[in-house]
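Same order as they appear, the protein sequences are chains Y and B. Sequential numbering from 1 applies to the first sequence in the working numbering. Sequential numbering from 1001 applies to the second sequence in the working numbering. Each residue gets a CB set at the ideal place from its N, CA and C atoms; glycine is no exception. Heads up: the structure comes next, in structure tokens.
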Amino acid sequence: MADNDAWVTVAERAAIADGEMKGVTVGSQEIALYNLKGEIYATDNLCSHAFAFLTDGWLDGEEVECPLHAGRFEIKTGKGMGPPIPCDVKTIPVRVEGDNIQVKVAAS
Amino acid sequence: MSETASDKHIVILGAGHAGGRAAEALRQAGHKGRVTLLGAENHPPYERPPLSKELLAGAIAHEKTYLHPEEWYAEQGIDLKLGANAVGIDRKARRVALEAGGDISYDALLLTTGARARRLPLPGGNGKRVFYLRDIADTLALREKLTEGVRLAIIGAGFIGLEIAATARKRGVAVTVIELAPTPLARVAAPEIGEFLATLHRGKGVDLRTGLKVTAIEDTGSEVRVLVEGGEPVVADYVAIGIGAQPNVEIAQAAGIEVRDGILVDEFGRTNDPAIFAAGDVTRHLNPLLGRHVRLEAWQNAQNQGIAVAKAIAGSGAAFAEVPWFWTDQFEVNLQMAGAPDRWDRVVWRGEPTEPAFTLFQLLEGKVVAAVTINNMRDMRFARMLIQSGKIVDPAALGDKAVKLQDLVR
Ligand SMILES: Cc1cc2nc3c(=O)[nH]c(=O)nc-3n(C[C@H](O)[C@H](O)[C@H](O)COP(=O)(O)OP(=O)(O)OC[C@H]3O[C@@H](n4cnc5c(N)ncnc54)[C@H](O)[C@@H]3O)c2cc1C
Ligand code: FES
């Protein structure tokens, strides 16, 4: 099989202002998009602790705080920043193509 | 805190949520000496909130509640001793005695013995069909009984009682809740919130009976009869009791540590013995933000006080000073609550209790002293900041959803 990964448009670039975030769904994958000073980043949207979407939480500088129990992740790396977070969240390849934000996901 | 230099042996008594996080934080803070973590249960430290929710529902395995897998402790050089019930503290010799025999010496001792479910002090309160919910074993024992069509009577409409009710309903159980106070949660929340939860539960088929005093529980051999003052008995297959928790202070008290419904500590977790500290549910601790001592039964307090006191023991401590914060999940409602107000003079609604999401603020002399969010977790972060700031806020702006909460914090 060839490379099955595909770039998928998930949002308009203009939909996420600086310092904001947005959750999108691609297939069964929940993805969080963040705008950090004009740069777009993406991670898994589900917190690795219990069940919550990070985009329902709070973007604080370069970290996102989970709305349920205030666990934190570093957005650029997905790194969990201490209790109660048991493990990192995955970062997802993301790019801006023209007016659109695209993420790279495994095509099913 | 120089008496606990980094080569000292630190013993943590109580391998629960606070104890587990404290052990982890000691290593994080660079403590190189021995760390021993003693736990009476047979599980490594775990989080209790899922017990009455996902674990009772059968949605997760109990291992999912563990802070870390059991092997992790050895990897971190933490000597985790499970099934090790401590029975005495000799402060002069600095030794902890174990029930199984033998003792362990310490240079610093951290007490994280938590709390236990308060027993119903009435005839039948400990019968075979009566359940309490504090640990994994309790949860699994009750879960086995909660099958479709079973009748469950719950005594106490506090958080635990209501969570058991919600989970039991999801499993198809017929639930009756009996509460002495006129509304649920009378001990901890504003009556408006108690009313909201009463409506929620009744809407989901819970038979919630308030203002009713239980006098005894009778086991007929095939069912239970919960006798109430001036009313018909409630007949059920099983009874679950959620009437609060009682701090496990006895071992400290017997050793002459100062106790006042909780081990009395300052904002660094220090007791009246310089070698002994405490954290978590077992403490009555000074909260510098509130300017008074409080005893809390909450996850945030267990985790963050555990960490703060561990750092203080390792010599790198800042005071533990946070706005108290708690959450509960019942049916599709996530309720979060911040603050520990003993009084307030007005409430401000941000949204209506009939809406799917809203926030209720409690104010005292123009300042926010507490807030409750219903399915509105994002407000919580700013509500906590508002409480901490102690700012006088404009109630009209607070109640106006067009005004961003973060703008009121600034
Ligand atoms: C069912 C349930 C649901 C909850 N839900 C929520 C919630 O939704 N939100 C929230 O904020 N909080 C919730 N809580 C509260 C929260 O779980 C507690 O505040 C927290 O567990 C306290 O942690 P702790 O370490 O102080 O005590 P514990 O977790 O009770 O740990 C104490 C440990 O010490 C051990 N121990 C005691 N004495 C000895 C001894 N002599 N020798 C050896 N070991 C000993 C005990 O066996 C226990 O394992 C809930 C609690 C329960 C029981
Ligand atoms: S679910 Fe995110 S911190 Fe708990």
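Using CA coordinates, which residue listed in the options is at the minimum distance from residue i?
{"i": "E1218/B", "options": "V1150/B, D1281/B, P1123/B and N1301/B", "result": "P1123/B"}
{"i": "A1383/B", "options": "E1365/B, T1354/B and R1350/B", "result": "R1350/B"}
{"i": "V1414/B", "options": "H1201/B, G1230/B, R1116/B and Q1362/B", "result": "With chain B represented from 1001 up to 1410, any question about residue 1414/B goes unanswered, as that position is not in the structure."}
{"i": "R1151/B", "options": "E1163/B, D1207/B, E1070/B and D1135/B", "result": "D1207/B"}
{"i": "V1234/B", "options": "E1163/B, H1031/B, E1179/B and Q1305/B", "result": "E1179/B"}
{"i": "D1135/B", "options": "G1158/B, K1401/B, A1015/B and A1314/B", "result": "A1015/B"}
{"i": "R1346/B", "options": "K1367/B, L1111/B, V1188/B and T1199/B", "result": "K1367/B"}
{"i": "R1094/B", "options": "I1010/B, H1201/B and I1263/B", "result": "I1010/B"}
{"i": "G57/Y", "options": "M1380/B, M1385/B and S1389/B", "result": "M1380/B"}
{"i": "H1285/B", "options": "T1359/B, G1262/B and F1159/B", "result": "G1262/B"}
{"i": "V1096/B", "options": "L1038/B, G1127/B and E1063/B", "result": "L1038/B"}
{"i": "V10/Y", "options": "D18/Y, F73/Y and T25/Y", "result": "T25/Y"}
{"i": "R1118/B", "options": "K1145/B, F1131/B, A1108/B and A1100/B", "result": "F1131/B"}
{"i": "F1417/B", "options": "V1309/B, E1250/B and V1249/B", "result": "Beyond the ends of chain B as shown, which are 1001 and 1410, falls residue 1417/B; an answer cannot be given."}
Going by other Cβ atoms of all chains shown within 10 Å of its Cβ, with 16 needed for buried, is residue i buried or exposed?
{"i": "N35/Y", "result": "buried"}
{"i": "M1377/B", "result": "buried"}
{"i": "E1003/B", "result": "Here E1003/B scores only 43 on pLDDT, less than 50, and its place in the model is too uncertain to base an answer on."}
{"i": "Q1253/B", "result": "exposed"}
{"i": "A2/Y", "result": "Caution applies to A2/Y, whose pLDDT of 44 falls short of 50 and renders its modelled position unreliable; the model cannot decide the point."}
{"i": "M1337/B", "result": "buried"}
{"i": "R1295/B", "result": "buried"}
{"i": "R1169/B", "result": "buried"}
{"i": "P84/Y", "result": "buried"}
{"i": "S1052/B", "result": "buried"}
{"i": "V96/Y", "result": "exposed"}
{"i": "R1270/B", "result": "buried"}
{"i": "M21/Y", "result": "buried"}
{"i": "N1042/B", "result": "exposed"}
{"i": "P67/Y", "result": "buried"}
{"i": "N1287/B", "result": "buried"}
{"i": "P1069/B", "result": "exposed"}
{"i": "K1311/B", "result": "buried"}
{"i": "R1410/B", "result": "exposed"}
{"i": "G1242/B", "result": "buried"}
How close, in whole Å, do the beta carbons of residue i and residue j come, if the pair is a contact with beta carbons under 8 Å?
{"i": "R1171/B", "j": "E1148/B", "result": "7 Å"}
{"i": "V1177/B", "j": "I1154/B", "result": "5 Å"}
{"i": "V1087/B", "j": "L1080/B", "result": "Contact doesn't hold; Cβ gap of about 19 Å is too wide."}
{"i": "V89/Y", "j": "I31/Y", "result": "So it is not a contact: roughly 10 Å between Cβ atoms."}
{"i": "Q1362/B", "j": "P1341/B", "result": "6 Å"}
{"i": "I1387/B", "j": "A1370/B", "result": "7 Å"}
{"i": "G1306/B", "j": "A1279/B", "result": "5 Å"}
{"i": "T992/B", "j": "P1191/B", "result": "Examination of residue 992/B is not possible in this model, given that chain B is present from 1001 through 1410 alone."}
{"i": "T43/Y", "j": "G78/Y", "result": "5 Å"}
{"i": "P1045/B", "j": "L1067/B", "result": "5 Å"}
{"i": "I40/Y", "j": "I92/Y", "result": "In fact, because the Cβ distance is near 11 Å, the residues do not count as touching under 8 Å."}
{"i": "T1113/B", "j": "L1227/B", "result": "Not really, about 34 Å apart at Cβ, beyond 8 Å."}
{"i": "L1314/B", "j": "G1030/B", "result": "The residue asked about is misnamed: residue 1314/B is Ala in this sequence, not Leu. Indeed, because the Cβ distance is near 7 Å, the residues count as touching under 8 Å."}
{"i": "T1359/B", "j": "T1373/B", "result": "5 Å"}
I want to check one thing, is the minimum distance from the CB of residue i to the heavy atoms of ligand 2 below 6 Å?
{"i": "A52/Y", "result": "yes"}
{"i": "C47/Y", "result": "yes"}
{"i": "L68/Y", "result": "yes"}
{"i": "G82/Y", "result": "no"}
{"i": "G71/Y", "result": "yes"}
Should residue i be counted as a contact of ligand 1 given a C-beta to heavy atom distance under 6 Å?
{"i": "S1052/B", "result": "yes"}
{"i": "G1308/B", "result": "Per the sequence shown, the amino acid found at residue 1308/B is Ala instead of Gly. No; taking the cut-off as 6 Å, the Cβ of A1308/B has no heavy atom of ligand 1 nearer than that."}
{"i": "N1287/B", "result": "no"}
{"i": "A1166/B", "result": "no"}
{"i": "N1375/B", "result": "no"}
{"i": "N1085/B", "result": "yes"}
{"i": "R1048/B", "result": "yes"}
{"i": "F1331/B", "result": "no"}
{"i": "N1065/B", "result": "The residue asked about is misnamed: residue 1065/B is Thr in this sequence, not Asn. It does not: the Cβ of T1065/B is nowhere closer than 6 Å to a heavy atom of ligand 1."}
{"i": "E1075/B", "result": "no"}
{"i": "G1138/B", "result": "According to the sequence provided, residue 1138/B is Asp. The question's Gly does not apply to it. No; taking the cut-off as 6 Å, the Cβ of D1138/B has no heavy atom of ligand 1 nearer than that."}
{"i": "H1068/B", "result": "no"}
{"i": "H1017/B", "result": "yes"}
{"i": "N1248/B", "result": "yes"}
I want to check one thing, is the minimum distance from the CB of residue i to the heavy atoms of ligand 3 below 6 Å?
{"i": "T1113/B", "result": "No copy of ligand 3 occurs in the structure displayed; its ligands are ligand 1 and ligand 2 alone."}
Would you say residue i faces chain A, with C-beta separation under 7 Å as the test?
{"i": "P93/Y", "result": "In the structure shown, chain A cannot be found, because the protein chains are Y and B."}
With a floor of 3 residues, list each beta strand (DSSP E) that falls wholly inside the region 1305–1342 of chain B, ordered by position along the chain. 1325–1330 and 1333–1338
Can you give, in chain order, each stretch of the beta strand (DSSP E) that sits fully within the region 1140–1196 of chain B and has at least 3 residues? 1151–1155 and 1174–1178
May I have a chain-ordered list of the alpha helix (DSSP H) segments no shorter than 4 residues that lie completely inside the region 1107–1145 of chain B? 1136–1145
Could you name each continuous beta strand (DSSP E) segment of 3 residues or more that falls completely within the region 44–79 of chain Y, going from the start of the chain to the end? 58–60, 63–65 and 72–74
Of all the alpha helix (DSSP H) runs that stay within the bounds of the region 1225–1290 of chain B, which reach a length of 4 or more residues? 1250–1254
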